[in-house]
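Participant:
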Amino acid sequence: MPITLEAGAGCLDVASEINGLLTPTTCTGGPSQQWRVHPTGEIQSVSTGVCLAPTLALFRNSPRYATTMACINADARAWTLSPAGELRIGSSCLTTSGTGSTIVLSACNGSIAQHYTPRLAADTSLEATFGFGQKRRSAGHATQHVPLVRVYVNYTLGPSGGLAHGVAYYEDLIFGTGFPRLNGFLDAASSGLFQWIDGGHFGPFDRPTTDSGCDTGPVLQDIISTSLAGRLDLARFDLDRDGTVRHDELQFMVIGNCGGRIAGAARTVGCIDGLDSGTRNLRACPGYVAEIEDEVQFATLAHESLHTLGAGDMYGLGSERASTMAATIWIDAGPDATHTLMLDAWHRFQLGWNRPRVVSLDLAQPTSGTLSLDGDPNYQSSLILGTPNTYFFLERRSQIGYDADGRGDGVAMWRIGPGVDEVALYNPATNTIGNGPYLQGSDSAVLQFPDGHGVTVVTQGSLSGSLNVSWSWPTTMSLSIVENSHTSVSTNITVTGTNHFSGAPLTAGTVWLDGNQISVLGRPFDYPVRLIYTCFRGLCTVRPRLQTFTVKAPGYEDATFSRF
4 MPITLEAGAG CLDVASEING LLTPTTCTGG PSQQWRVHPT GEIQSVSTGV
54 CLAPTLALFR NSPRYATTMA CINADARAWT LSPAGELRIG SSCLTTSGTG
104 STIVLSACNG SIAQHYTPRL AADTSLEATF GFGQKRRSAG HATQHVPLVR
154 VYVNYTLGPS GGLAHGVAYY EDLIFGTGFP RLNGFLDAAS SGLFQWIDGG
204 HFGPFDRPTT DSGCDTGPVL QDIISTSLAG RLDLARFDLD RDGTVRHDEL
254 QFMVIGNCGG RIAGAARTVG CIDGLDSGTR NLRACPGYVA EIEDEVQFAT
304 LAHESLHTLG AGDMYGLGSE RASTMAATIW IDAGPDATHT LMLDAWHRFQ
354 LGWNRPRVVS LDLAQPTSGT LSLDGDPNYQ SSLILGTPNT YFFLERRSQI
404 GYDADGRGDG VAMWRIGPGV DEVALYNPAT NTIGNGPYLQ GSDSAVLQFP
454 DGHGVTVVTQ GSLSGSLNVS WSWPTTMSLS IVENSHTSVS TNITVTGTNH
504 FSGAPLTAGT VWLDGNQISV LGRPFDYPVR LIYTCFRGLC TVRPRLQTFT
554 VKAPGYEDAT FSRF
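Now the structure itself:
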């Protein structure tokens, strides 16, 4: 997703180079000021395709400046934006002395000269018309790394007798290096674009109540406001320095011995005053807060965390193995279960975490094509077929890593409709919504769009190496011809057309003969009977000549019929 990087009174601008060195210019949000962060950490100009890079030092103590170079997908160009707004590469930070001056790299010191504010920029790409980054944009997440504060709670009057594990267990489950771990899952789902940053943990705090209502917004808000009063240095997280720390700058998770023990929830929490330990008395507006039970199953931990980023529930029939946002609570698996399910490609697309190939297909125009996708199985190898109003999202899936408990190896198909969050699994074998979204091996099926047009999708080859898809759009018009009268010199007929798949009548269309339009669909018309004279050895016969008519209808292949 394109962002601008604001430094003081100016923005990083690829068109502002002076002698090859970047200088900040007045912020306009225009194309030359738009940048895109890649999974590699490279920051690429939307308008020119080059990447932000440091110059090489000619001598040991020579200064290094900000410039642009060809992208090379290397760690030497991997930038990170810290919660304090520092644009870091290694131990150095971009430093500016004002609009129009060159930008240098110097030791990070937390000064205002090293503060960059990312802001979402307008996205005019084809992918954006299909919803790319829409949920992230709605949540206002301009940066892909968000600090997370964890609050631990013991409901002392509850039946469970306290947290099932020590704090270290949960900290490791979120930030540890084993498998499965929450940050590891987010890293895989986002192709390296997103992880939680450690914003600190507090507690466990004893709460002398039962666990009744422990997963409601008011209870979570009371826990945060009473437990963390005066304990957070909110200035560390106020990325845009406007005096309010919002959910895109800092998020909260409450972990406690709540409810059924293996589940969780995500609830809305309002703005809270009094948390700031500094002198500015900043306000915190947590937004969505994840409530995690103390024997939570891993897939549910991931599910509730994703809700706070804008993901929605996808509890369709038969979908429990199709996405992290489907039904992740497996009762038979018991406490602390470790089953893992990958986030579906549509949600990753909505969060700006993948970059599928988009093939725009006019639903009323016959077409065909073939496409092979290789590369990162999460970031690149998925495909969109259709129009922004209704389309199919195809993604390669394999039962490995964080999709180890998914449905199987193959291609998952998601039907995205025109309504808000209208996403459903699609079973091409039965032409139904809700069950079995996978094509296996070299199977093929026809996908039906609402107006009756279809696309045949065929998957071939090694799914672990590439996604190979062929599609064809068949002829879609059928004709009905009614003969009204016939004489020796003319015939009167009426021609109507229907959608070949749905049977819906065509309301527009013309009839042509010998290159001339002679009528329109649905209206009776006369055409002359043409005669052929054949003579052989003085004997002549007369018979009618077969004539071929062409019907043209907007959005359909030409159809033909013949009559004597």
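With the first letter of the sequence shown counted as 1, position 261 gets the number 264 in our numbering; the numbers rise by one all the way through. Think of the CB as a built atom: it goes at the ideal place given N, C-alpha and C, for glycine as much as any other residue.
1) With 16 other CB atoms within 10 Å as the buried threshold, where does Ile-75 fall?
2) Apart from the five residues on each side of it in sequence, which residues of its chain come closer than 8 Å, Cβ to Cβ, to Thr-563?
3) So if DSSP puts Lys-555 in a beta bridge, which residue, or which two residues, is it bridged to?
4) In the DSSP assignment, what residue or residues form a beta bridge with Gly-500?
5) Given a cut-off of 9 Å on the beta-carbon distance, is the pair Ala-287 and Val-257 in contact?
6) What span of residues does the beta strand (DSSP E) with Gly-206 cover, start to end?
7) Per DSSP, what are the beta-bridge partners of Ile-46 in this structure?
8) Nearest by alpha-carbon distance to Leu-516: which of Ser-565, Arg-358, Met-72 and Gly-136 is it?
9) Alpha carbon to alpha carbon, what distance is there between Ile-419 and Thr-494?
10) Give every residue of the same chain whose Cβ lies closer than 7 Å to the Cβ of Gly-206, excluding the five residues on either side of it in the sequence, and list them in chain order.
11) Considering Cα atoms alone, identify which of Glu-486, Tyr-536, Gly-558 and Leu-542 is closest to Arg-526.
12) Let me know if Cys-261 comes out buried or exposed under the rule of 16 or more other beta-carbons within 10 Å of its beta-carbon.
13) What residues in its chain sit with their C-beta under 6 Å from that of Pro-557, if we drop five residues either side in the sequence?
14) Just grab the DSSP bridge partners of Gln-224 for me.
15) I need the boundaries of the alpha helix (DSSP H) containing His-250, first residue and last residue.
16) Using the C-alpha atoms, what's the distance from Asn-22 back to Gly-203?
17) For Ser-35, which of helix, strand or coil comes out of DSSP?
18) Beta carbon of Ser-308, beta carbon of Met-317: below 9 Å?
19) Give the secondary structure of Phe-528 by DSSP, where H, G and I count as helix, E and B as strand, and everything else as coil.
20) Are Leu-160 and Ala-145 close, meaning C-beta to C-beta below 9 Å?
21) Once you ignore the five residues that flank Leu-354 on each side, which residues in its own chain have a CB closer than 6 Å to its CB?
22) Look at the alpha carbon of Gly-259 and the alpha carbon of Thr-213, and state the distance between them as a whole number of angstroms.
23) Would you list the residues sitting across from Cys-538 in a DSSP beta bridge?
24) Would you say Pro-34 touches the ligand MG, meaning its beta carbon is less than 8 Å from a heavy atom?
25) Using alpha carbons as the reference points, say which of Val-362, Pro-221, Gly-164 and Pro-86 lies closest to Asp-297.
26) Using DSSP's beta-bridge definition, name the partner residues of Arg-100.
27) If we ignore side chains and look at the alpha-carbon of each, how far apart do Asn-392 and Leu-55 end up?
28) Could you give the residue range of the alpha helix (DSSP H) that holds Gln-2?
29) Count the other C-beta atoms from every protein chain shown that fall within 10 angstroms of the C-beta of Leu-549, then say buried if there are 16 or more, exposed otherwise.
30) Can you give me the Cβ contacts of Glu-398 inside the same chain, cut-off strictly under 6 Å, excluding the 5 residues immediately before and after it?
31) Measuring straight from C-alpha to C-alpha, what distance separates Phe-255 and Gly-290?
32) Given 8 Å as the limit, is there contact between the stretch 88–99 and the stretch 112–127, that is, 3 or more CB pairs closer than that?
33) May I ask which residues mark the beginning and end of the alpha helix (DSSP H) holding Asn-186?
34) Spell out the partners DSSP gives Asp-279 in its beta bridges.
35) Between the Cα of Trp-417 and the Cα atoms of Arg-351, Asp-218 and His-342, which residue gives the shortest distance?
36) Strictly by DSSP, which residues pair up with His-342?
Facilitator: The answer reads as follows:
1) exposed
2) Thr-551, Phe-552, Thr-553 and Val-554
3) Thr-513
4) Leu-482
5) no
6) 198–210
7) Val-40
8) Ser-565
9) 48 Å
10) Val-154, Tyr-155, Val-156 and Ser-230
11) Glu-486
12) buried
13) Ala-511
14) Gln-224 pairs with nothing; no bridge assigned.
15) Unbroken run through His-250: none, as it is neither H nor E.
16) 44 Å
17) helix
18) no
19) strand
20) no
21) Lys-138 and Arg-139
22) 12 Å
23) Cys-543
24) This structure does not include the ligand MG; it has no bound ligands of any sort.
25) Gly-164
26) According to the sequence shown, residue 100 is Ser rather than Arg. For Ser-100, which the question treats as bridged, DSSP gives no partner whatsoever.
27) 36 Å
28) Any answer about residue 2 is impossible in this case: the structure gives the chain only from 4 up to 567.
29) exposed
30) Ala-348, Ser-385 and Ala-415
31) 9 Å
32) yes
33) 185–192
34) Leu-235
35) Arg-351
36) The partner list for His-342 (beta bridge, DSSP) is empty, contrary to what the question assumes.
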